[in-house]
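One structure is given here, and the rest of the page talks about it.
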Amino acid sequence: MTWFTPEEVTAIVLSVKVALTAALASLPFGIAVAWLLARRRFPGKALLDAVVHLPLVLPPVVMGYALLMTLGTQGAVGGFLQQHFGIVFAFRWTGAALACAVMGFPLMVRAIRLSLENTDRRLEQAASTLGAGPWRVFFTITLPLAWPGLVAGAVLAFAKALGEFGATITFVSNIPGETQTLSSAIYGLMQVPGAESGIWRLAAVAVAISLGALLFSEWLVRRAHGREEI
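Heads up: the sequence shown begins at 1 in the UniProt record's numbering, then just goes up one per residue.
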């Protein structure tokens with residue numbers, strides 16, 4: 001990476017780290033919520049669906065401020081976590097990952113839910129009649145059938161995390177080496193006269209990583225269906 005300054009390399013590495021952490025950490029919760037919305041009827045289902053998709057319609061700054069007030073060191077939850085467990089999210093890279101996970105969660109849930117709704121439930125019923133328990137059916141039948149949705153949801157969450165700005169800069173600020181991701185680094189360079197080359201370099205990296213993630217997800221899905229050619 002001789003074309004990039006040390007600060008730019010740090011921002012690139014941190015962005016990938018934050019995006020991967022956000023996508024992978026939220027995936028189990030995304031699967032659980034998507035399954036609940038796709039397969040169960042219960043009072044308040046519409047409300048849960050609306051709350052899950054709320055980050056899509058609220059300004060990212062609002063979500064970042066809500067996270068700061070809740071999970072900041074002065075917030076009720078954040079203060080409790082710091083006092084009893086020594087866990088701090090505000091102004092840390094883990095907080096950036098949390099903010100990105102919250103913003104990308106609706107996209108993940110929506111993709112997985114659509115995949116679950118389109119799976120052939122007769123295969124699950126057949127497995128149950130042959131003696132498979134609910135958990136075995138879920139892990140051996142349901143998840144493999146919903147594989148394309150899982151991949152799409154994880155990639156969408158990763159891409160969203162890679163480009164997230166408003167929520168992260170509000171919750172964790174723009175601290176070089178700690179919370180400065182690609183988006184915040186580009187924003188910082190925009191305030192510096194004559195820094196257009198740095199902006200273009202980082203923008204190109206963001207495009208390349210996002211495009212690579214999309215192509216990789218397509219390859220995984222096609223391989224799952226026995227078609228390895230893209």
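We put the beta carbon where it would ideally sit given N, CA and C, even for glycine.
Classification of residue i by the beta-carbon crowding that lies within 10 angstroms, buried from 16 upward
i, result
"G153", "buried"
"L71", "buried"
"A195", "exposed"
"L116", "buried"
"Q74", "exposed"
"F80", "exposed"
"T140", "exposed"
"P193", "exposed"
Identity of the residue in the options nearest residue i by Cα
i, options, result
"P176", "E164, L189, I112 and V207", "L189"
"R92", "M103, A126, H84 and G78", "G78"
"T142", "L27, A127 and G131", "A127"
"V221", "Y187, V102, C100 and W147", "W147"
"F216", "T181, T129, V151 and I169", "V151"
"A38", "G166, T119 and A167", "T119"
"C100", "P43, L20 and R113", "L20"
"F26", "Q83, L98 and H84", "The sequence as given places Ser at residue 26; Phe does not occur at that position. It is L98."
"F105", "E164, A76, P144 and Q74", "E164"
"N174", "W35, G95 and R223", "G95"
"V102", "S183, E178, V61 and R223", "V61"
"W35", "I209, A167, L145 and G75", "L145"
"H53", "R113, L123 and P6", "R113"
"E218", "P6, V207, G149 and Q125", "G149"
CB-CB length for residue i against residue j, believed under 8 Å
i, j, result
"residue 236", "L202", "The requested residue 236 does not occur in the structure, where the chain is confined to residues 1 to 230."
"A159", "A213", "6 Å"
"A22", "A157", "6 Å"
"V155", "L182", "With 8 Å as the limit, V155 and L182 do not qualify as a contact, their Cβ atoms being about 17 Å apart."
"A16", "I209", "Here residue 16 turns out to be Val, not Ala, going by the sequence shown. Going by Cβ atoms, the distance from V16 to I209 rounds to 7 Å, so yes, they are a contact pair."
Enclosing alpha helix (DSSP H) for residue i [first to last residue]
i, result
"L182", "L182 to M190"
"L58", "No alpha helix (DSSP H) contains L58, which DSSP labels as neither H nor E."
"S128", "R121 to T129"
"V172", "G166 to V172"
"P134", "P134 to V137"
"R110", "W93 to E117"
"R39", "P6 to R39"
"Q83", "A76 to F85"
Any chain B beta carbon closer than 8 Å to residue i
i, result
"T73", "No chain B appears in the structure shown, which is made up of a single protein chain."
> Does the region 44-61 come within contact of the region 126-138, defined as at least 3 CB pairs closer than 8 Å?
Replying inline: Too few Cβ pairs lie closer than 8 Å, so no.
>> Check whether the region 43-51 and the region 62-75 are in contact - that is, three or more C-beta pairs closer than 8 Å.
In response: With a cut-off of 8 Å, the region 62-75 and the region 43-51 do not count as touching, because too few Cβ pairs lie within range.
> When the Cβ atoms of the region 82-92 are set against those of the region 4-24, are three or more pairs found closer than 8 Å?
Replying inline: no
> For the 8 Å Cβ check, are there 3 or more pairs between the region 100-109 and the region 24-32?
Replying inline: The region 100-109 vs the region 24-32: in contact.
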